[in-house]
Amino acid sequence: MKLDIKLNKFLRWTFLSLLSGLLAGLSSSIFLILLSLSTQTREENMFLLYLLPLAGLFIGFIYYKFGKGSEKGNNLILDEIHNPKKVIPLRMVPFVLFGTLLTHLFGGSAGREGTAVQMGGTLSDNISRFIKVTAYERRVLLIAGSGAGLGAAISAPWAGVIFGMEIITVGKLRLFALYQCLIASFVGYYVVHFLKVPHTIYPTVNFPQFKVSYILYLILAGILFGLTANTFSRLTHFITSIFKKTISYPPLRPFIGGIILLILYRLEGSYQYTGLGLNTIQDSLREQSHWSMTLFKIFFTALTLGSGFKGGEFTPLVFIGATLGSALAIFTPIPFELLAALGFVSVFGGAANAPIACIIMAIEVFGIEIAPYAFITCYMSYYFSGHNGIYQSQRYFSKKHQKAFHLILSLKRMLFRS
């Protein structure tokens, strides 16, 4: 009898997880294809940039008139994971999908993975409208769907397995949904590949032999990555609060933000900070970047998202981290392409409070050789990014600075023992 109950539970979870991954994979595939078309259309018709304020007005109006809480995005998903109350409205999927596509079509500086996370989590949660589930099962489906969305969007399924569980409570990774996340993330990943959705391919990184003398430089780089993540998060939240305080009518916020962005794009002149900026990320792994690229992307993305445009933070943070790491190489004996790869994962790891998922992501994107380097920089970035990440609904299990002190002591002992 007990065996039958356990088997039924296992089969039920397998089915629900497969369904979650299928929905995340299909939604991510549709989104990535449409986003590629939007980006290509903008690059071939740069006059579309001049319509950015009107696109912002439209996005703001639609969310204001029909959004009903959907503007909280990933924070709404985290709130429901912490305290399940009611199913996330299905309208969140088309809202964030088309809001992100319009942002990119008209030149906003934003990402894509956050959108995939929102769609995966929302669609998984809406399974409960057709299949009766408990509050606990809802939590697990939200976690599995969110992670599957990320894994499918960045072609890193193992990172997707951990991501959903890691971002719930900062400082305490609980693997209570490991099986469900494993199934959902890999199903989502294989759906995207089965549909032959193109993914970004990054240049190969040549790894030097790991030297103990690198540890101090890696610690310092990790600290700077963390401080940069903190700066991005704080600036985005600050701009959001300024726009809310000074502009009472919500649709006008992205309209005004679009005007400011357009003026600044014109003044800067290169237009390389519009959209995802994938070419610049790839270039930072081929040749040394200039530190000004990091600063420009931080500000343009914070203004885009803070004023009310839609899109994720992941790719902009990858841009910020990769260009910063590449520029830092002038001060270290570490090759610039390795530091760029470390910045690629570490800044997001600090901003999202997800160091483990980002170490795994580094291995999936760049190979197992990056593991010892990524361990140091991802954790240092996480510890020094503070308690003000991109997801404001995260809960904190412990203070970061205590663990940071112990990690630095351990690395110091290793360094001097050698």
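Residue 406 in the working numbering sits at position 384 of the sequence shown, and the numbers go up by one each step. The beta carbon of each residue, even a glycine, is placed where N, CA and C say it ideally should be.
_Per the DSSP calculation, Y418 is bridged to which residue(s)?_
The residue you call residue 418 lines up with position 396 of the sequence shown. DSSP, once it has assigned bridges, lists V192 as partnering Y418.
*asked:* Taking 6 Å as the limit between beta carbons, can you name the residues of its chain near T316, skipping five residues before and five after?
replied: Position 294 of the sequence shown, counted from the first residue, corresponds to residue 316. Same-chain partners within the cutoff: I342, T345, L346.
*Please say whether T258 and L327 have beta carbons closer to each other than 8 Å?*
Translated into the one-based positions of the sequence shown, residue 327 becomes position 305. Translated into the one-based positions of the sequence shown, residue 258 becomes position 236. Yes, the pair counts as a contact, with Cβ atoms nearer than the cut-off.
*asked:* Restricting to Cα atoms, I'd like to know which of I81, L204, I398 is closest to V367.
replied: The sequence position of residue 367 within the sequence shown is 345, counting from 1. For the residues I81, L204, I398, the minimum Cα distance to V367 belongs to I398.
_Using 8 Å for Cβ pairs, my map puts F277 next to G78. What's the rounded Cβ distance?_
Counting from one through the sequence shown, the residue named residue 277 turns up at place 255. Counting from one through the sequence shown, the residue named residue 78 turns up at place 56. With 8 Å as the limit, F277 and G78 qualify as a contact, their Cβ atoms being about 5 Å apart.
_Secondary structure of G78, DSSP reduced to three states_ = For this step, residue 78 is matched to residue 56 along the sequence shown. Helix, per DSSP.
*Please say whether I103 and R161 have beta carbons closer to each other than 8 Å?*
Here residue 161 corresponds to residue number 139 of the sequence shown, with the count starting at 1. Here residue 103 corresponds to residue number 81 of the sequence shown, with the count starting at 1. Contact: yes.
*Excluding the 5 residues preceding and the 5 following Y85 in the sequence, name in chain order all residues of the same chain whose CB lies nearer than 6 Å to its CB.*
For this step, residue 85 is matched to residue 63 along the sequence shown. If we look at Y85 and ignore the five residues flanking it on each side, its Cβ neighbours are E93.
*Does DSSP put G129 in a helix, in a strand, or in coil?*
Counted from its first residue, the sequence shown places residue 129 at position 107. Coil at G129, not helix or strand.
*Do S50 and A181 have their C-beta atoms closer together than 8 Å?*
Position 28 of the sequence shown holds residue 50. Position 159 of the sequence shown holds residue 181. No; because the gap between Cβ atoms is not below 8 Å, this pair is not in contact.
_Candidates T296, G193, R288: closest to F419 by CA position_ = For the purposes of this step, residue 419 is identified with residue 397 of the sequence shown, where counting begins at 1. Checked all of T296, G193, R288; the closest Cα to F419 is G193.
*Can you name the start and end residues of the alpha helix (DSSP H) that Q294 belongs to?*
Residue numbering aside, residue 294 sits at position 272 when the sequence shown is read from its first letter. Note, Q294: premise wrong, no alpha helix (DSSP H); not H, not E.
_Quick check on the burial criterion: 16 or more other C-beta atoms within 10 angstroms. Buried or exposed for M305?_
As a first step, residue 305 is located in the sequence shown; it is residue number 283 there, counting from the start. The sequence shown places Asp at residue 305, not Met. Classification for D305: buried.
*asked:* Check for me: the alpha helix (DSSP H) holding V209 runs from which residue to which?
replied: Translated into positions along the sequence shown, residue 209 becomes position 187. Unbroken alpha helix (DSSP H) run through V209: 200–216.
*Assign Q62 to one of two classes, buried (16 or more other C-beta atoms within 10 Å of its C-beta) or exposed (fewer than that).*
The residue given as residue 62 occupies position 40 in the sequence shown. With fewer than 16 Cβ atoms within 10 Å of its Cβ, Q62 is classed as exposed.
*Boundaries (first-last residue) of the alpha helix (DSSP H) holding F254*: Within the sequence shown, numbered from 1, the residue matching residue 254 stands at position 232. Run containing F254: 236–268, per the alpha helix (DSSP H) assignment.
*Do you know offhand how far G365's Cα is from K154's?*
As a first step, residue 365 must be located in the sequence shown, where it is residue number 343. As a first step, residue 154 must be located in the sequence shown, where it is residue number 132. So the alpha carbons of these two residues sit roughly 43 Å apart.
*Which partner residues does G334 have in the DSSP bridge list?*
Numbered from 1 along the sequence shown, position 312 holds the residue referred to as residue 334. In the DSSP output, where bridge partners are listed per residue, G334 has G133.
*Which of helix, strand or coil does DSSP assign to L112?*
Numbered from 1 along the sequence shown, position 90 holds the residue referred to as residue 112. In this structure, L112 counts as coil in the three-state DSSP scheme.
*To the nearest angstrom, how far is it from the Cα of P225 to the Cα of M402?*
As a working mapping, residue 225 is identified with position 203 in the sequence shown. As a working mapping, residue 402 is identified with position 380 in the sequence shown. Distance between the alpha carbons of P225 and M402 is about 25 Å.
*asked:* Suppose contacts are defined by Cβ-Cβ distances below 8 Å. Is G136 in contact with A46 by that definition?
replied: Taking the sequence shown and counting its residues from 1, one reaches residue 136 at position 114. Taking the sequence shown and counting its residues from 1, one reaches residue 46 at position 24. Contact flag unset, no.
*Give a yes or no on whether the C-beta atoms belonging to H126 and L57 are separated by under 8 Å.*
Counting from one through the sequence shown, the residue named residue 126 turns up at place 104. Counting from one through the sequence shown, the residue named residue 57 turns up at place 35. Yes, the pair counts as a contact, with Cβ atoms nearer than the cut-off.
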